[in-house]
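For the protein sequence lines, the chains are R and A, in the order given. Here the first sequence is numbered in this note's numbering, starting from 1 and rising by one per residue. Here the second sequence is numbered in this note's numbering, starting from 222 and rising by one per residue. Glycine residues also receive a C-beta, built at the ideal position from the N, C-alpha and C atoms. Structure record follows, encoded as structure tokens.
Protein chains: 2
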Amino acid sequence: MNFTISEENYIKAIFHLQQGDAKVTTNELADRLQTKPASVTDMLKKLKAKKLLDYEKYQAFSLSEQGKKIALTVVRKHRLWEYFLVNKLDFGWDEVHEIAEELEHINSALLIEKLDAFLEFPKFDPHGDPIPDCNGKMEQARQINLIDLEPGKLAEVSAVGSQSSELLELLKHRNIGIGTILEVLRKFGFDHSIELKIKKVPAFSISQQLAQTLFVKPLIN
Amino acid sequence: MNFTISEENYIKAIFHLQQGDAKVTTNELADRLQTKPASVTDMLKKLKAKKLLDYEKYQAFSLSEQGKKIALTVVRKHRLWEYFLVNKLDFGWDEVHEIAEELEHINSALLIEKLDAFLEFPKFDPHGDPIPDCNGKMEQARQINLIDLEPGKLAEVSAVGSQSSELLELLKHRNIGIGTILEVLRKFGFDHSIELKIKKVPAFSISQQLAQTLFVKPLIN
DNA sequence: AATAAAATTTAGGTTTGTCTAAAAATAAGT
DNA sequence: ACTTATTTTTAGACAAACCTAAATTTTATT
């Protein structure tokens with residue numbers, strides 16, 4: 001049961017995109033992995049053959065139970081290494097992603113258990129994302145204010161700070177609700193407005209006021 | 222100037238086999254990397270094209286200055302990670318080789334400098350091998366008694382404990398001298414004899430007495 | 001419901017690193 | 001020195017992971 005770096009990257013990407021049990025499409029995945037849809041199709045067939053993916057051609061897909069397990073071990077490794085880099089090697093939280101992206105593919109269960117012990121079993125990584133334990137269980141992601149979400153990160157809307165009908169009207173217009181997955185593209189210092197991207201919709205901006213009433217759980221990596 | 226894992230493994234293997242400026246042959250290298258001579262030839266051409274190798278077809282070869290530099294950075298990474306695994310994660314010195322073999326290919330100069338600082342700039346790894354500094358300089362390898370050399374390790378004979386003519390006669394017969402590169406294949410508890418392998422000569426055994434008068438510098442990894 | 005648009009897959013090709021089998025060059029033995 | 005043996009290289013294939021271009025299926029639009 002050993003996987004190539006590429007396979008692991010695909011599994012992890014699907015895991016983050018499906019977030020729960022949503023289905024993922026070929027184009028979404030190609031987009032996320034900076035590759036072409038045709039390449040994705042090749043890998044989907046391979047992952048299906050290995051029983052890591054529930055997939056029928058031309059249909060959206062999601063990880064099998066087996067696939068989710070693998071994904072969780074990769075996420076665990078990634079987040080433990082990030083914690084190590086920031087808390088032991090004194091990296092900034094914004095410098096560690098790429099390095100952890102390489103370290104997460106090191107193959108040794110014992111290494112990870114010893115690293116976990118050395119770090120004293122942290123529950124959250126430096127970005128606030130929960131670290132799965134060796135059985136794949138993890139705590140609920142920390143909820144943060146949308147205004148504090150870093151650009152480039154995916155997050156799921158988990159709460160709104162008010163029930164006013166004006167707010168709900170605006171959210172409806174923007175097609176934002178609990179469970180909506182969004183990404184912060186840019187933040188503008190001038191008026192603290194935030195440029196967002198939601199799935200297929202073109203990017204749009206929201207005001208500081210709106211961002212402050214929205215709470216999200218970070219999803220990526 | 223980034224290299225593939227395979228390229229780095231070839232460079233490192235050549236570095237260890239040439240040890241100084243000796244020439245290395247295709248078969249030796251194939252043997253060490255558990256691969257076929259034909260595959261080695263392919264890689265030699267690639268390394269030559271990248272100016273890392275002094276090589277003319279059908280001739281023995283050695284690393285260029287550039288190639289040696291790369292080799293030293295890989296060795297540095299390998300040994301720092303071994304030190305980390307043993308002294309921070311509590312691995313045994315005999316369990317770390319394979320893991321370090323993967324970790325050494327992680328690409329980040331900053332990571333290695335920070336790791337070095339975190340470990341407080343160790344000069345030797347857990348096997349007693351010197352760790353090159355960031356400029357590729359390293360201390361003389363520690364000399365150990367041949368009787369203490371671990372099976373599977375290559376070492377270079379660096380001193381003999383006596384000048385008696387009987388000893389010299391025996392050494393001459395065995396073709397062992399200062400600079401001879403040997404490998405311990407097995408140790409026999411019964412009489413503490415040691416089975417050795419020298420370059421092309423078939424393996425042979427030496428007595429405990431002889432092993433105790435020979436001092437070596439470990440070479441590998 | 002028929003057609004246009006978008007998403008997905010197939011077909012065929014590339015690169016990296018490996019292999020086997022055969023050819024060429026070097027080294028060894030008499 | 002000449003023939004044999006060994007070493008090394010070439011030629012041609014293969015798997016993994018990617019690509020482009022063309023074909024197919026699904027989705028959207030009128």
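### Query
Taking 7 Å as the CB-CB cut-off, is R:Glu120 touching chain A?
Not a single CB atom of chain A sits nearer than 7 Å to the CB of R:Glu120.
### Message
Runs of 3 residues minimum, wholly inside the region 383-431 of chain A: which ones carry the beta strand (DSSP E) assignment?
### Response
Runs of the beta strand (DSSP E) spanning 3 or more residues and lying entirely within the region 383-431 of chain A occur at 402-409, 414-419 and 425-427, in chain order.
### Contact set between R:Glu150 and chain A, taken where Cβ atoms lie within less than 7 Å
Under the 7 Å cutoff, chain A gives no residues; its nearest Cβ is about 20 Å from R:Glu150.
### Query
Does the beta carbon of R:Ile99 sit closer than 7 Å to a beta carbon anywhere in chain A?
It does; some Cβ of chain A falls within 7 Å.
### Message
With the cut-off set at 7 Å, would you say A:Ile320 and R:Leu111 are in Cβ contact?
### Response
At a Cβ-Cβ threshold of 7 Å, A:Ile320 and R:Leu111 count as neighbours.
### Residues in the region 85-112 of chain R having any Cβ partner in chain A nearer than 9 Å
Listed by position, the residues of the region 85-112 of chain R near chain A (Cβ gap below 9 Å) are Leu85, Lys88, Leu89, Asp90, Phe91, Glu95, Glu98, Ile99, Glu102, Leu103, His105, Ile106, Asn107, Ser108, Leu110 and Leu111.
### Task
State the beta-bridge partners of A:Ile365 as determined by DSSP.
Paired residues: A:Val437.
### Query
Should R:His78 be labelled buried (16 or more other beta-carbon atoms within 10 Å of its own) or exposed?
Note on R:His78: 16 or more other CB atoms within 10 angstroms of its CB, so buried under the neighbour-count rule.
### Query
Whose CA, out of A:Gln255, A:Lys278, A:Glu286 and A:Pro258, lies closest to the CA of A:Gln239?
Nearest C-alpha to A:Gln239: A:Glu286.
### Candidates R:Leu52, R:Thr41, R:Lys197 and R:Leu170, of which the one nearest R:Glu8 by Cα
It is R:Leu52 whose Cα lies nearest to the Cα of R:Glu8.
### Query
R:Lys114 CB to nearest chain A CB: under 7 Å?
Yes, because at least one Cβ of chain A sits closer than 7 Å to the Cβ of R:Lys114.
### Task
Look at the Cβ atom of R:Glu102, then the Cβ atom of A:Ile232, and state whether they are nearer than 7 Å.
Cβ atoms of R:Glu102 and A:Ile232: not closer than 7 Å.
### Closest Cα partner of A:Gly382 within the set A:Glu371, A:Asn366 and A:Leu370
The candidate whose alpha carbon is nearest that of A:Gly382 is A:Asn366.
### Task
On the DSSP bridge assignment, give the partners of R:Glu86 in chain order.
Glu is not the amino acid found at residue 86 of chain R; the sequence shown has Val there. Bridge partners of R:Val86: none, in fact.
#### Entry: Of the residues A:Asp354, A:Leu254 and A:Lys438, the one placed nearest A:Lys290, counting alpha carbons only
It is A:Asp354.
### Stretch-stretch touch, CB-based, cutoff 8 Å, three pairs: the region 197-215 of chain R with the region 34-54 of chain R
Because the criterion of three Cβ pairs below 8 Å is not met, the region 197-215 of chain R and the region 34-54 of chain R do not touch.
### Query
In its own chain, which residues sit with a C-beta less than 8 Å from the C-beta of R:Gly128, not counting the 5 before and 5 after it?
Result list for R:Gly128: Ala141, Arg142, Ile144 and Pro218, in chain order.
### Task
Just tell me which of A:Ile399, A:Glu377 and A:Gly398 has its CA closest to the CA of A:Val405.
Per the Cα distances, A:Glu377.
### Query
Over what stretch of residues does the alpha helix (DSSP H) that includes R:Ser108 continue unbroken?
Neither: R:Ser108 is in no alpha helix (DSSP H) and is coded neither H nor E.
#### Entry: Buried versus exposed, by CB contacts within 10 Å (16 or more), A:Leu268
With a 10 Å radius around the Cβ and a threshold of 16 neighbouring Cβ atoms, A:Leu268 comes out buried.
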